[in-house]
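In this note's numbering, the protein residues as written are 1 to 397.
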């Protein structure tokens with residue numbers, strides 16, 4: 001599907017979806033972004049929906065400016081997937097035991113590990129620079145420095161909401177682990193602090209939406225934000241790496257090292273900032289609910305608790321700033337989902353998946369999300385499908 005263009009303020013709004021299907025609030029947000037003095041381009045992914053300041057599913061290219069709310073409060077949130085040598089034939093009929101083992105190994109919701117995970121005890125964890133990474137904590141904003149213990153104990157934890165850990169099978173029968181998580185409490189606190197700091201700056205006082213307040217290059221505030229931002233993005237990446245190693249241990253111990261080995265690992269952020277060049281210009285590209293899809297880049301696009309996940313390869317479409325959607329995207333708010341669906345609906349829509357089927361996750365019911373197949377069809381010029389996965393086990397907070 002070719003993109004459609006809406007008239008914007010300073011730049012056009014390029015949309016990889018039908019504008020008539022996007023809620024008015026989200027369209028207003030896109031128009032506000034397109035009118036910012038620093039914006040150079042705006043690409044809208046097919047999973048677009050209303051968010052704080054900027055929509056989820058938007059890619060914003062700016063010159064010498066970054067809006068922290070356009071990154072989101074879960075800095076570095078993203079996906080990791082690992083393929084194993086196991087097949088569906090190796091799986092037991094009852095998968096509840098595997099789900100409970102995963103839930104025991106990896107805290108969910110607001111949970112933390114009782115003590116910080118020792119990376120040397122995880123054979124599948126190939127992380128380097130562990131000491132140097134944590135040493136940088138003392139240089140973060142003073143508002144978070146008392147939270148070192150919590151940040152350490154939350155490293156390797158899932159969180160709640162739309163975060164998940166899944167055991168999946170691809171169309172050839174190979175077993176994968178897939179997870180979605182971010183920078184936990186430390187990323188949230190850093191983001192909220194910097195969003196508030198940006199709102200108070202003089203150059204942001206006349207914006208159509210104060211949540212779109214920006215930091216400008218060459219200022220101390222921008223330098224401080226970028227330092228904390230990049231650290232939080234790294235925390236999120238390492239958090240997923242630790243979780244994946246913990247989950248791999250669970251599965252390996254269940255099936256044995258002779259049968260279970262781990263091959264390909266894919267990781268991608270979808271709430272982050274990157275320095276990229278387009279048209280000979282150095283730009284700061286913010287992806288909020290979007291993955292990088294440069295030529296050959298591998299990415300992960302999930303649906304919901306029971307609608308599968310796609311492993312994709314980027315096609316390098318610079319019109320979209322080398323981006324693609326981060327998932328199916330919500331079609332209704334969490335509150336609306338709780339009002340519209342019942343536990344019986346959840347049980348029916350997640351049939352065949354070993355997962356929670358209670359009132360605590362109704363807001364994550366598949367019916368609250370857009371149709372994943374339609375989202376994929378809308379971005380056929382952004383990515384190509386490498387593999388399609390279906391959920392066998394889904395762990396949620």
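Cβ atoms here follow ideal geometry from the backbone N, Cα and C, with glycine treated the same way.
- Taking C-beta atoms under 8 Å as the contact rule, residue 270 and residue 78 qualify, at a distance of about 5 Å.
- Looking from the CA of residue 396, the closest CA among 381, 371, 357, 379 belongs to 357.
- Here the alpha carbons of residue 89 and residue 191 stand approximately 45 Å from one another.
- As DSSP reads the structure, residue 278 sits in a beta bridge with 281.
- Per DSSP, the unbroken beta strand (DSSP E) holding residue 6 starts and ends at 4-6.
- Cβ-Cβ separation between residue 326 and residue 365: approximately 19 Å, too far for a contact (criterion under 8 Å).
- Non-local C-beta neighbours of residue 101 in its own chain, meaning closer than 6 Å and more than five positions away in sequence, comprise 250, ordered along the chain.
- Distance between residue 26 and residue 93, taken at the CA atoms: about 44 Å.
- Runs of the alpha helix (DSSP H) lying entirely within the region 219-258, each at least 4 residues long, are 220-255 in chain order.
- Contact between residue 13 and residue 30 holds, with the beta-carbon distance rounding to 5 Å and staying under 8 Å.
- Nearest Cα to residue 286 within the set 310, 307, 321, 308: 321.
- Inclusion of residue 45 and residue 283 in the CB contact set at 8 Å is not warranted, their separation being larger than that value.
- Residue 13: member of the beta strand (DSSP E) spanning 13-15, first to last residue.
- The count of Cβ pairs closer than 8 Å, one atom from the region 238-245 and one from the region 149-160, reaches three, so the stretches are in contact.
- For residue 216, the closest alpha carbon among the candidates 19, 64, 17 is that of 64.
- Taken in chain order, the whole beta strand (DSSP E) runs of length 3 or more contained in the region 116-162 number zero.
- Secondary structure at residue 377: helix, using DSSP grouped into helix, strand and coil.
- Rounded to whole angstroms, the Cβ separation of residue 213 and residue 67 is 7 Å, and the two are in contact under 8 Å.
- When only Cα atoms are considered, residue 99 and residue 230 end up about 33 Å apart.
- By a beta-carbon distance limit of 8 Å, residue 11 contacts residue 39. Their separation comes to about 6 Å.
- In this structure, residue 304 sits away from residue 16, with a CB-CB distance that is not shorter than 8 Å.
- Distance from the CA of residue 5 to the CA of residue 163, rounded to the nearest whole angstrom, comes to 32 Å.
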